[in-house]
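To start, the structure itself, in structure tokens.
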Amino acid sequence: MLPPESARPAHRHFILYKPCGYLSQFRSDDAREARKKRFLGELHAFPAGTMAIGRLDEDSEGLLLLTTDGRLSEQIRNGGVEKEYYAQVDGLITDAAVQQLQQGVQIGLREVKYQTDTCRARRLNEPPALPPGRRIRDARHGPTSWVSITLTEGKFRQVRKMTAAVGHPTLRLVRVRIGEVHLGELAPGEVREVADFGALG
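In terms of UniProt numbering, the sequence shown is residues 1 to 201.
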């Protein structure tokens with residue numbers, strides 16, 4: 001029998017700027033990976049039962065939501081919530097390439113071709129105001145540019161595969177928004193506890 005609602009422990013919720021180089025998880029069952037990789041628990045003393053809502057690739061960075069509420073996590077992951085990314089890409093991305101992204105492109109998922117949904121995409125005329133990232137390369141290798149991509153789906157390495165499909169591989173990827181929750185001025189590795197995630201849940 002469950003205790004009354006008022007007697008149950010309150011869930012806790014966090015927003016994190018996941019730095020590049022960390023996995024979006026707290027542990028690994030693979031002993032070799034556990035020795036070599038960096039995990040979220042190294043960034044903050046999260047309470048027991050905390051889970052990441054979705055994930056960011058190890059080589060990506062930016063906004064990650066965490067909660068001790070499994071039901072809320074599932075609601076957000078399966079609710080078609082918008083996620084906005086800033087991608088620094090190889091070369092000067094063209095209007096035609098941006099239009100291709102908007103209309104959806106074909107990418108590979110586990111050796112199966114997949115057509116991405118339509119999305120919002122726009123070229124950023126100036127580099128976004130972000131914390132300095134790891135050195136990508138020097139100018140001798142050619143120019144780079146930035147694009148904003150907003151999705152409601154989240155396939156494996158989707159943004160990277162989409163920009164590569166239009167001829168502009170991603171060099172740096174930062175998630176800046178999930179629904180109405182923004183990365184704001186969080187620094188890499190910084191954690192902020194919040195009362196809730198607004199209308200996301």
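We treat Cβ as the ideally placed atom computed from N, Cα and C, and that holds for glycine.
Does DSSP put residue i in a helix, a strand or coil?
i      : result
Gln25  : coil
Ala87  : strand
Glu61  : strand
Arg134 : coil
Please classify residue i: is it buried, with 16 or more other beta-carbons within 10 angstroms of its beta-carbon, or exposed?
i      : result
Glu84  : buried
Gln88  : buried
Glu61  : buried
Phe14  : buried
Ala52  : buried
Phe156 : exposed
Thr50  : buried
State the beta-bridge partners of residue i as determined by DSSP.
i      : result
Ser145 : Val89
Ile15  : Leu65 and Arg192
Ala52  : Leu66
Lys113 : Gly108
Of the residues the options, which one's Cα is nearest the Cα of residue i?
i           : options                          : result
Arg38       : Ile53, Asp59 and Gly49           : Asp59
His182      : Gly79, Tyr86 and Phe26           : Tyr86
Gly142      : Leu92, Ala34 and Gln100          : Leu92
residue 202 : Gly179, Ala96 and Val191         : For residue 202 there is no data in the structure shown, the boundaries of the chain being 1 and 201.
Arg35       : Tyr22, Arg160, His44 and Pro47   : Tyr22
Ala195      : Gly41, Leu66, Gln25 and Ser24    : Leu66
Arg140      : Val159, Asp90, Gly167 and Arg120 : Asp90
Distance check for residue j and residue i, CA to CA, integer angstroms please.
i      : j      : result
Arg12  : Thr68  : 6 angstroms
Gln100 : Ala10  : 45 angstroms
Ala187 : Glu42  : 16 angstroms
Arg122 : Gly184 : 20 angstroms
Leu109 : Ala164 : 14 angstroms
Please report whether the beta-carbon of residue i lies at a distance below 8 angstroms from any beta-carbon of chain C.
i     : result
Leu43 : The structure shown contains no chain C; it is built from a single protein chain.
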